[in-house]
Amino acid sequence: MLLNIKDLHVSINGKEILKGLNLGVNEGEIHAIMGPNGTGKSTLAAAITGREGYEITQGTIEYKGKNITELEPDERANLGIFLSFQYPVEIPGVSMTNFIRTAVNSQREFRGEEPLTASAFLKKLEEKKQLVEIHSKLTKRSVNEGFSGGEKKKNEIFQMAMLEPNLAILDETDSGLDIDALKVVAKGVNALRSSDNGFVVITHYQRLLDYIVPDFVHVIYDGRIVKSGGKGLAHELEEKGYDWIKEQFDN
Amino acid sequence: MDKEKDMNKVLDEVTSGEYKYGFYTDIEMDTAPKGLTDDTIRFISAKKKEPEWMLEYRLKAFKHWLKLKEPEWAHVKYPKIDYQDIIYYAAPKKKKQLESLDEVDPDLLDTFNKLGISLDEQKMLAGVAVDAVIDSVSVKTTFQDTLSKHGIIFCSISEAIQEHPDLVKQYLGTVVPHTDNYFAALNAAVFSDGSFCYIPKGVRCPIELSTYFRINAANTGQFERTLLVADDDSYVSYLEGCTAPQRDENQLHAAVVEIIALDRAEVKYSTVQNWYPGDKNGKGGIYNFVTKRGACRGNSSKISWTQVETGSAVTWKYPSCVLMGDNSIGEFYSVAVTNNHQQADTGTKMIHIGKNTKSTIISKGISAGFSNNSYRGLVRISKKAENARNFSQCDSLLLGNKCGAHTFPYINTANNSAIVEHEATTSKISEDQLFYCQQRGIDMEKAIGLIVNGYAKEVLNKLPMEFAVEAQKLLAITLEGSVG
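See the structure below:
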């Protein structure tokens, strides 16, 4: 199993957000995580990637059969876990090209590979830029600085395409995107899709799932997965909203 | 919080990076006895076979220095310096007059090779002429022949005093007079060597000129003097680098740099200062008390200072521009990094006197460890300076929470047509930025290097190419172990 989360409890500043979450993702699968705001969707992404301040009080996160809860964020990334940020961060003065090159070569170094030559890197850069339809100029600008909302999200998918992770977590990548940008994001994800790779797609809306078709849909409520199903569940949620889940669960 | 602990751990590691240039070369030295009296000055002057006027200049400066008090207004703390406990002259013994590189002491050549400075013109970075100064003397100036074809004079100041006395007399002490301040007076009295450069009218210096300063001997002070004159319509780019051995005692470095730019001349002066900063606990290191000033005497002349300050235990340094000519331009670009127990009080003065004069100040301070980093700057617009413009931007970046950043900007305007803008920011390296980098597989140290270099980019971009790469590495090394 690619990702196996068992009985995960996560607290922020002593407040428990995830309260015994279980989730298994096999290679080749796409799992959608849906649910009302403030129920723990982003906390799940942060816990898997090892963000500081998210304290795991109970349970385990296994990735490729290994418990990763004690690993540093960069070690997890180097093992092939990628997060598309809900709010990508700006780094003034660091060009996107320099940033992604440092990242690509750090990951290669971790795997014991030589750094990419300048020409091989540039070739890859051009190829992936075309895939996610980002402007040439964008990679010359500082990381996310002055990018529009759509550009920032496309830039996340561009980085994913460059790094070719085994497990990609998309944290509300669709929020604030118009339909064209949404299609580009989906194109990037579908291009990476393979029998080796898995995806966890966190979203509030069903819309994205028309383009990235999930194998499973899970609903988080109050820190646990309260309902799982096939892609039909997403449509049901779209139609009925989340209230019926809340009612069901609260009773 | 744990994050903070981690961050501090990384900062610790980053900031405890080893100083690469801390070695010492055992060379036979010719030294003056410790202490400072009229006799010391006579000794130095005699060693250098100086003309009488030079000795008189020195003695006059010394007399003045005796009346002065060491300045205490800077935001730095250090134990009182015993000026009688310093050796004021130390020179590698030379057997005879140097005619070619073959005659340079192999130990000296080796020293400079270790520092990455080849004095062999064949092996040198193409396009950089070097004057190599060790302790109190210049040991070798390269590419002199190439330069003399253009009429450019580039030699040690000692040689200039002998060979070009008129030029030296005309300009020495005219930008930084011996009465200027305590350390300038001291320097005028005891300076032992340094570089001299004259670019004739209409000449664009075809290569970068560079002086490399090395302190080697123990218990000595280094007092170099640099004088750079750019005649009408000339251009020169000048670089300066410095290192010193690792020692438990503090050593004093009190230099003076004077630049004169005549009509439409342009001078770019870049420094990568990497004197030994002392150890992790603040023991040892260089006191870097330096007066640097350029005078834009000509109309439409321009002087641009770029400095990357990573070394020294204590830095007291304000490269300045006096904008006398109409339409003249002064620039100051600075990155100052302090780590462990380093202290820096640095900045600039822009004195607007001519009409339509312009100045730009970009200062980027980075503090880590227990260090203190202050920007101190003065922008003065005099009464006659119609339409003067200044833009200042002073940013401070803090790594960790035990360091300090301070800004002391002074603005003094006597002309209503002036436009003076000042922007200042203080920021901490953000956890969001670090996490973002780490999530891409970049470890904490590399992430800090990346973020800091990005922060300082505006200034690093102003450096000549050969230096920019070195400076970037230097920033990363200086901050090695500074995050946790």
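Quick mapping for you: the protein sequence lines, in order, are chains A and B.
Everything in the first sequence is counted per my numbering, starting at 1 for the first residue and increasing by one.
Everything in the second sequence is counted per my numbering, starting at 1 for the first residue and increasing by one.
Each residue gets a CB set at the ideal place from its N, CA and C atoms; glycine is no exception.
In the DSSP assignment, glutamine 433 of chain B falls within the alpha helix (DSSP H) that extends over 431 to 439. Assignment of leucine 36 of chain B by DSSP, reduced to helix, strand and coil, places it in the coil class.
The beta strand (DSSP E) runs of length 3 or more contained entirely in the region 21 to 99 of chain A are, from start to end of the chain, 30 to 34, 54 to 63, 81 to 84, 91 to 95. In its chain, beyond the 5 residues on either side, Ile451 have a beta carbon closer than 7 Å to the beta carbon of glutamine 433 of chain B. When DSSP reads this structure, valine 379 of chain B sits in a beta bridge with B/Met350, B/Ile411.
Burial check for glycine 230 of chain A: the Cβ neighbour count within 10 Å stays below 16, so the residue is exposed.
If one requires a minimum length of 4 residues, the alpha helix (DSSP H) runs lying completely within the region 213 to 249 of chain A are 232 to 240, in chain order. Contact check for isoleucine 12 of chain A against tyrosine 54 of chain A passes: the beta carbons are separated by less than 8 Å.
Threonine 31 of chain B is bridged by DSSP to B/Ala90. Residues of the region 450 to 475 of chain B that bring their beta carbon within less than 8 Å of a beta carbon in chain A comprise Leu450, Ile451, Asn453, Gly454, Tyr455, Ala456, Lys457, Glu458, in sequence order. The three-state reading of DSSP puts isoleucine 157 of chain B in helix, counting H, G and I together. Glutamate 164 of chain A has a beta carbon lying at 8 Å or more from every beta carbon in chain B.
Straight across, the Cα-Cα distance linking glycine 188 of chain A with glycine 400 of chain B is about 38 Å. In the DSSP secondary-structure assignment, glutamate 386 of chain B is not bridged to any residue. Secondary structure of histidine 64 of chain B (DSSP, three-state): helix.
With distances taken between CA atoms, histidine 164 of chain B lies nearest to B/Glu50 out of B/Glu50, B/Ile303, B/Asn390. Sequence-distant Cβ neighbours of valine 272 of chain B in its own chain, meaning closer than 7 Å and more than five residues away, are Gly241, Val308, Phe467, Glu470, Ala471, Leu474. By the neighbour-count criterion, in which a residue is buried when 16 or more other Cβ atoms sit within 10 angstroms of its Cβ, aspartate 178 of chain A is exposed. Interface flag for glutamine 58 of chain A against chain B is unset, since no Cβ pair is found closer than 8 Å.
With contacts defined by Cβ atoms closer than 8 Å, phenylalanine 183 of chain B and arginine 225 of chain B do not form a contacting pair. Among the bridge pairs identified by DSSP, isoleucine 5 of chain A is matched with A/Leu23, A/Ile61.
Distance from alanine 161 of chain A to alanine 191 of chain A at the Cβ level is roughly 7 Å; contact confirmed, criterion being Cβ atoms closer than 8 Å. Using a C-beta cut-off of 8 Å, the region 202 to 209 of chain A makes contact with the region 37 to 48 of chain A, since at least three inter-stretch Cβ pairs fall below that distance.
With respect to chain B, the C-beta atom of asparagine 37 of chain A has no partner C-beta closer than 8 Å.
Counting along the chain, the unbroken alpha helix (DSSP H) around isoleucine 448 of chain B starts and ends at 444 to 455. Contacts with chain B at 8 Å (Cβ-Cβ) do not include asparagine 197 of chain A.
Beta-bridge partners assigned by DSSP to threonine 220 of chain B: B/Ile87.
Residues of the region 406 to 440 of chain B with a C-beta atom less than 7 Å from some C-beta of chain A are Glu431, Asp432, Gln433, Phe435, Tyr436, Gln438, Gln439, Arg440, listed in chain order. Taking C-beta separations shorter than 6 Å and ignoring five residues to either side along the sequence, the partners of phenylalanine 99 of chain A in its chain run Val143, following chain order. Following the DSSP letters along the chain, one finds tyrosine 171 of chain B inside the alpha helix (DSSP H) bounded by residues 165 to 171. For the set B/Ile366, B/Asn387, B/Ala255, B/Thr146, the Cα lying nearest the Cα of tyrosine 88 of chain B is the one of B/Ala255.
Rounded to the nearest whole angstrom, the C-alpha separation of valine 168 of chain B and threonine 37 of chain B is 25 Å.
With its beta carbon less than 8 Å from one in chain B, valine 94 of chain A belongs to the interface. Contact between valine 226 of chain A and phenylalanine 249 of chain A holds, since their C-beta atoms are separated by about 5 Å, short of 8 Å. When only Cα atoms are considered, glycine 35 of chain B and lysine 355 of chain B end up about 47 Å apart.
By the Cβ criterion, the region 116 to 131 of chain A is not in contact with the region 76 to 85 of chain A, since fewer than three pairs of Cβ atoms, one from each stretch, lie closer than 8 Å.
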